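Here is the structure we will look at, set down as structure tokens.
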Amino acid sequence: MFHKKLRSGNGRLRNLVMAASGAALLTGCASADVTRSGFLSDYSKLEPRTDTVRAKVAQYRNEPLLEQINRIWIEPTVLVGDIGEGITEEEKAIIVREIDRRICFAVSDRFEIAEQAEQGAGRLRAAASRVQPTNAVGSSASAVANFFIPGPLGVRVPGSTGGLAAEAELLAPDGQQAAAVIWARDAQVVGTESPSLSRIGDAHQLTGAFASIVAQAVEPQEREKIKHGDTDPCARFGPRIRPEGFVSRFITGLYTPSLSGARPQDEEDTSSSPEPETPRP
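When we follow my numbering, the leftmost residue of the sequence shown carries the number 1264, and every step to the right adds one.
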């Protein structure tokens, strides 16, 4: 009798969550929008991309100029614009560290990575222009619902998801803009982003999707991958994989930024490890 009631309750929970999620999808799957914060040196050549579904993207590429750039310096990411009410300085630092980390991983296959600014190297600079906080109460309910609804896609409570908008550009050694991109995406009520009790949980997860778009914007089309051997050019940004983050998410159903991304400088592990899966745009 108990199992029969449990199955019945699970079915009702599944139906309620899926119905609410479906309604949210119909009312606006891609609510995020790209904005121009003023961070980039030039916005005039940006053109919208039409091949992305979950994100809004505009980019510019100067292919001949990109071909001339082999080595780049990744400037520390900054925060500009709408960063979300109540987000602490520590949370802001976590976001920018993770953007630095993800961008380095994404572009190090095609560019040599300089450890500091140097003459003759291009400059890759990025900024987060919007951080939409994740709703912790809704995430808790989502984690419970997902426990009863197995599958590769998670279901989120409508109105509980956060988002991220960011911009980046690659400048040639002489200062010319070789590539630029502005990007925005919100976590979806049915998608791959896990619920989180952290206000920056969704924004933190979406940094990988942003980094993937940055790589697509700045990498020369015909350049072969660089073989780095045993030395990881991105080691100073932190480990490529945090096993403790996967374990925590598996046990609790919740994403924890402090266990899943770049560590504070005094806790960094510089050992190399395999590439993480590249998120979809």
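Note that the Cβ used here is the ideal one computed from N, Cα and C, for glycine as well. As the structure is a prediction and not an experimental result, all values here were calculated from the model.
Start-to-end residues for the beta strand (DSSP E) that takes in residue i
i	result
Glu-1432	1426-1434
Gln-1322	1319-1324
Ala-1449	Strictly speaking, residue 1449 in this sequence is Asp, with Ala absent from that position. Where Asp-1449 is concerned, the enclosing beta strand (DSSP E) stretches over 1440-1449.
Ile-1335	1334-1337
From the options, residue whose alpha carbon lies closest to that of residue i
i	options	result
Gly-1385	Ile-1346, Pro-1436, Ile-1445	Pro-1436
Ser-1304	Glu-1330, Asp-1465, Ile-1445, Ala-1377	Ile-1445
Cys-1497	Gly-1471, Thr-1470, Ile-1337, Gln-1382	Ile-1337
Lys-1308	Ser-1392, Ala-1525, Ala-1443	Ala-1443
Ala-1466	Ile-1376, Gln-1484, Asp-1449	Asp-1449
Gly-1471	Glu-1378, Ala-1428, Leu-1329	Ala-1428
Ile-1335	Ser-1371, Arg-1462, Pro-1502	Ser-1371
Pro-1236	Gln-1382, Arg-1324, Gln-1439, Gly-1349	Nothing can be reported for residue 1236: it is not among the residues displayed for the chain, which extend from 1264 to 1544.
Glu-1310	Arg-1388, Gln-1322, Ala-1318	Gln-1322
Gln-1439	Ala-1318, Leu-1387, Arg-1373	Leu-1387
Ala-1318	Ala-1474, Leu-1517, Arg-1503	Ala-1474
Glu-1456	Leu-1517, Leu-1342, Val-1343, Arg-1373	Leu-1517
Arg-1373	Lys-1490, Glu-1353, Arg-1462	Lys-1490
Nearest-angstrom Cα separation, counted from residue j out to residue i
i	j	result
Gly-1492	Leu-1434	27 angstroms
Arg-1312	Val-1320	6 angstroms
Lys-1488	Gly-1347	38 angstroms
Thr-1315	Leu-1460	28 angstroms
Asp-1345	Val-1297	12 angstroms
Arg-1364	Gln-1479	16 angstroms
Leu-1522	Arg-1505	7 angstroms
Ala-1390	Glu-1432	9 angstroms
Thr-1351	Thr-1519	16 angstroms
Ile-1366	Ala-1447	16 angstroms
Gly-1426	Gln-1395	5 angstroms
Leu-1328	Val-1477	16 angstroms
Thr-1340	Glu-1361	9 angstroms
Gly-1464	Glu-1430	19 angstroms
Ser-1392	Ala-1441	21 angstroms
Lys-1355	Gly-1524	13 angstroms
Arg-1499	Asn-1333	20 angstroms
Val-1481	Ala-1377	16 angstroms
Gly-1501	Glu-1375	17 angstroms
Ile-1358	Pro-1458	17 angstroms
Gly-1242	Arg-1503	Examination of residue 1242 is not possible in this model, given that the chain is present from 1264 through 1544 alone.
Val-1343	Thr-1494	33 angstroms
Glu-1353	Tyr-1306	31 angstroms
Arg-1462	Gly-1349	9 angstroms
Residue burial classification, residue i (beta-carbon count within 10 angstroms, cutoff 16)
i	result
Gln-1468	buried
Gly-1414	Any reading at Gly-1414 must be qualified, since the residue scores a pLDDT of 47, below 50, and its modelled position is unreliable; no value is offered.
Gly-1301	exposed
Gln-1451	buried
Arg-1299	exposed
Thr-1397	buried
Glu-1330	exposed
Thr-1424	buried
Ala-1369	buried
Glu-1485	exposed
Ala-1380	exposed
Glu-1326	exposed
Segment limits, alpha helix (DSSP H) that includes residue i
i	result
Ile-1476	1464-1481
Proximity test, residue i beta-carbon vs the ligand FAD heavy atom, cut-off 7 angstroms
i	result
Ala-1450	With respect to the ligand FAD, the structure shown offers nothing to examine, as it has no ligands at all.
- Message: Could you tell me which whole beta strand (DSSP E) segments of length 3 or greater appear in the stretch 1340-1411?
- Response: Restricting attention to beta strand (DSSP E) runs no shorter than 3 residues, the stretch 1340-1411 encloses them at 1341-1345, 1375-1377, 1385-1395, ordered along the chain.
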